[in-house]
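Read the structure below first, then the notes.
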Ligand SMILES: [Fe+2]
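In our numbering, the protein residues as written are 27 to 353.
See the structure below:
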């Protein structure tokens with residue numbers, strides 16, 4: 027099956043494996059350190075100061091409005107709205123009530139599609155239960171989809187329970203696979219890859235089934251995967267993982283997660299675009315400095331639309347000017 031997929035779809039580009047204190051594959055020692063850190067997180071969460079710090083972060087949560095310009099062939103997708111939730115880290119200060127409140131706010135935005143960019147949990151599968159009531163708030167018309175992040179793969183590659191919980195609660199998992207969705211009669215390919223550091227991402231599998239020239243959206247927890255996606259006609263890659271640095275001093279984050287500097291916001295290569303979300307939750311400490319949590323709401327916009335709107339605005343200004351003149 028795998029061999030039947032042409033090599034050319036990835037244009038031979040291979041993203042290098044991230045190596046570093048924070049971004050490399052989790053060794054047994056690092057797993058123990060992370061688990062101990064998570065236990066400290068939970069202890070801090072019991073303290074009033076921990077809860078206060080966490081709530082302070084959650085009050086700063088913003089819904090970031092983004093526009094994705096569409097190529098003329100994809101203009102039928104104009105108006106499609108996607109809510110992108112990444113790095114919830116349920117269980118790391120984030121409790122069931124917090125999640126229900128956040129998901130209710132997402133539901134209020136009335137997205138057509140809800141995508142989860144990985145790290146739904148922090149270190150324990152039971153943390154999935156914290157998502158249960160929140161997920162009931164969401165029923166977008168095109169569905170909900172998720173990819174795993176490194177924290178979802180904390181104890182190894184067997185994420186059967188993680189997957190079946192999400193499927194049971196209406197979230198389809200796109201781990202090296204894709205689906206064709208349709209919006210107003212225009213189809214697009216939505217796909218996802220496994221996590222770069224802890225999993226086995228395979229873009230060829232994720233893209234197999236895509237029709238020639240079909241608009242493509244890729245979910246990848248780690249933003250460095252854009253290196254491969256940009257060479258494979260993927261229009262939009264949505265990633266998280268970095269938390270925008272989580273703590274930034276003088277505009278710079280002391281800790282780096284991306285080899286290519288994909289820390290937060292938009293990145294463009296040719297016609298391919300990457301958006302790296304700062305994510306919703308935190309790890310290690312309930313502290314974010316100059317990196318507030320966010321939920322991007324991506325609206326697809328036919329390329330001519332901004333120009334049309336600008337023209338309409340100019341016309342109305344000109345008409346207003348004419349009225350003023352008449353006065
Ligand atoms: Fe992550």
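Using N, Cα and C, we set each Cβ at its ideal position, and we do this for glycine too.
Whole-Å CB distance - residue i paired with residue j, under 8 Å assumed
| i | j | result |
| --- | --- | --- |
| residue 174 | residue 144 | 5 Å |
| residue 94 | residue 260 | Not quite, the Cβ-Cβ distance comes to about 12 Å (not below 8 Å), so this is no contact. |
| residue 98 | residue 137 | Not confirmed; about 24 Å, so no contact. |
| residue 157 | residue 125 | 6 Å |
| residue 217 | residue 207 | With a Cβ gap of about 11 Å, residue 217 and residue 207 do not count as contacting. |
| residue 240 | residue 213 | 6 Å |
| residue 200 | residue 245 | 6 Å |
C-alpha distance - residue i paired with residue j, whole-angstrom precision
| i | j | result |
| --- | --- | --- |
| residue 306 | residue 237 | 34 Å |
| residue 53 | residue 132 | 36 Å |
| residue 225 | residue 96 | 31 Å |
| residue 188 | residue 316 | 32 Å |
| residue 164 | residue 249 | 26 Å |
| residue 92 | residue 301 | 9 Å |
| residue 181 | residue 75 | 30 Å |
| residue 298 | residue 69 | 43 Å |
| residue 289 | residue 277 | 12 Å |
| residue 127 | residue 160 | 7 Å |
| residue 314 | residue 270 | 9 Å |
| residue 154 | residue 197 | 12 Å |
| residue 59 | residue 204 | 35 Å |
| residue 243 | residue 179 | 23 Å |
| residue 272 | residue 280 | 10 Å |
| residue 44 | residue 283 | 8 Å |
| residue 202 | residue 215 | 13 Å |
| residue 83 | residue 73 | 16 Å |
| residue 106 | residue 247 | 22 Å |
| residue 100 | residue 139 | 17 Å |
| residue 104 | residue 323 | 14 Å |
| residue 229 | residue 294 | 19 Å |
Extent of the continuous alpha helix (DSSP H) to which residue i belongs
| i | result |
| --- | --- |
| residue 185 | Unbroken run through residue 185: none, as it is neither H nor E. |
| residue 160 | 158-161 |
| residue 70 | 54-72 |
| residue 254 | 252-255 |
| residue 230 | 229-233 |
First through last residue of the beta strand (DSSP E) which encompasses residue i
| i | result |
| --- | --- |
| residue 321 | 320-328 |
| residue 120 | From DSSP, residue 120 is part of no beta strand (DSSP E); its letter is neither H nor E. |
| residue 170 | 170-172 |
| residue 86 | No beta strand (DSSP E) contains residue 86, which DSSP labels as neither H nor E. |
| residue 208 | 203-209 |
| residue 107 | 107-111 |
| residue 198 | 197-199 |
Residue i CB to nearest heavy atom of ligand 1 below 7 Å
| i | result |
| --- | --- |
| residue 67 | no |
| residue 202 | no |
| residue 177 | yes |
| residue 282 | no |
| residue 145 | yes |
| residue 247 | yes |
| residue 113 | yes |
| residue 104 | no |
| residue 80 | no |
| residue 267 | yes |
Cβ shell of residue i (< 7 Å), same chain only, five flanking positions each side left out
| i | result |
| --- | --- |
| residue 39 | 253, 254, 257 |
| residue 150 | 117 |
| residue 184 | none |
| residue 354 | Since the first residue shown for the chain is 27 and the last is 353, residue 354 is missing from the structure and cannot be characterised. |
| residue 130 | 163 |
| residue 351 | Low confidence applies to residue 351: its pLDDT is 36, below 50, so where it sits in the model is not reliable enough to give any reading. |
Sequence-distant residues of the same chain with beta carbon closer than 6 Å to residue i, five excluded per side
| i | result |
| --- | --- |
| residue 112 | 143, 266, 303, 305 |
| residue 61 | 149 |
| residue 41 | 250, 251, 253, 254 |
Same chain, Cβ closer than 8 Å to residue i, neighbours up to 5 away in sequence not counted
| i | result |
| --- | --- |
| residue 296 | 256 |
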